[in-house]
Amino acid sequence: MSDHSWSPRSPSEALARFLGVPFDAQTYRNLAYLLLAFPLGIAYFTVVTTGLSTGLGLLVTFAGVPIVIATLLVTLGIGSFERRLADYLLDVDVDADAGEVELAFGSVEETIGTTKRVLTAPTTWTGLLLVGLKFVYGVVAFTALVTAFAVSATLLAAPALYDAPGVTYTFGPYVIDTLREAVAGAGLGVLLVLVSLHVSNGLARFGGFLTDALLGGAARSAEVTDA
């Protein structure tokens, strides 16, 4: 994992890092990761919960067994995709072989063996946990991004709109009706954008840490236990 969180050695370096966040390409990859987290989290949660609830409800007829196994296979696929997404967008190197399960369905024996491997693979169960956490993470990330950048846009637009005919430009309980107030609001908007980008970077790094801990970490722990 590349170190994008180096510690500045002087106040000038700290200021340069703070002001330079909009010019760092990783910032926009982090934003893409956060924006994708919301639809992906909803899709993962919907598919997995629907599959498991349907399969578990039909277990008494044994028709639910293949549905449950298929859902767990989907969970493994989600984990594989999340590892690649973290690697591509966040530069988080989750072990590509971590949690990989050999799949074979050519015969009854191979199908039974695959089922056993799926049920005993640690990443099957940490993947289920990831699905639930990804849903919460996606909602939090989307809410934070929309709120931060909506407020920032409101402040940045103040100099252009504060004296528009028929417009009463307000920010919360405050009415912006002079150029000085509008410029001050725009300056606050710039500051808020910079702070929001740094917070977004931290939130994205947390997402990468979560993926590595649940998928790569689980597999490494299993390897140590087996050894």
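Numbering (the numbering used here), first residue to last: 9 to 235.
From the three backbone atoms N, C-alpha and C, an ideal C-beta is built for every residue, glycine too.
Small disclaimer: the values here were computed from a predicted structure and weren't measured.
Whole-angstrom C-beta distance between residue j and residue i, which should lie under 8 angstroms
i    : j    : result
F150 : T162 : Actually they are not in contact, since the Cβ atoms of F150 and T162 sit about 18 angstroms apart, beyond 8 angstroms.
Y145 : G215 : 6 angstroms
A129 : V109 : 5 angstroms
L223 : R91  : 6 angstroms
S204 : F157 : 7 angstroms
A166 : G193 : 4 angstroms
F46  : V147 : 7 angstroms
T219 : A94  : 5 angstroms
L44  : K142 : The Cβ separation is near 10 angstroms, so there is no contact.
Coarse secondary structure for residue i, derived from DSSP in three states
i    : result
V68  : helix
G215 : helix
Y41  : helix
T186 : coil
T58  : helix
T79  : helix
T178 : strand
A172 : coil
D220 : helix
E231 : A caution first: E231 carries a pLDDT of 48, below 50, which makes its placement in the model too unreliable to give a value.
A22  : helix
F31  : helix
A165 : coil
Same chain, Cβ closer than 8 angstroms to residue i, five either side skipped, listed in chain order
i    : result
I86  : Y52, V56, G135, L138, V139
T35  : V29, L205, S208, N209
V82  : V55, V56, G59
G72  : T62, G63, L64, G65, L66
E231 : Caution is warranted here: a pLDDT of 48 is assigned to E231, below 50, making its placement in the model unreliable, and the coordinate value is therefore given only provisionally. Answer for E231: no residue qualifies.
Selection from the options that minimises the alpha carbon distance to residue i
i    : options               : result
T58  : S18, A78, F46         : A78
T132 : L84, V116, V198       : L84
V154 : Y170, T122, L200, S18 : L200
A172 : F46, V76, L187        : L187
F31  : L67, L127, L202, D95  : L202
V76  : G210, T123, L211      : T123
L127 : G174, P74, D99, Q34   : P74
Y41  : P181, I50, L27, Y96   : Y96
G210 : F70, G63, L98         : L98
A221 : V100, G174, V116      : V100
Other residues of its chain near residue i: CB distance less than 6 angstroms, five sequence neighbours each side excluded
i    : result
R125 : V109
Y170 : Y177, I184, A190
L5   : Residue 5 lies beyond the range of the chain shown here (9 to 235); nothing can be said about it.
P19  : none
Cut-off 7 angstroms between Cβ atoms - residues of its own chain near residue i, not counting five sequence neighbours on either side
i    : result
S160 : G197, L200, V201, S204
A212 : N38, Y41, L42, L98
L80  : V126, T132
Would you mind listing the alpha helix (DSSP H) stretches within the region 93-158 that are 4+ residues and don't spill past its ends, in chain order?
116-128
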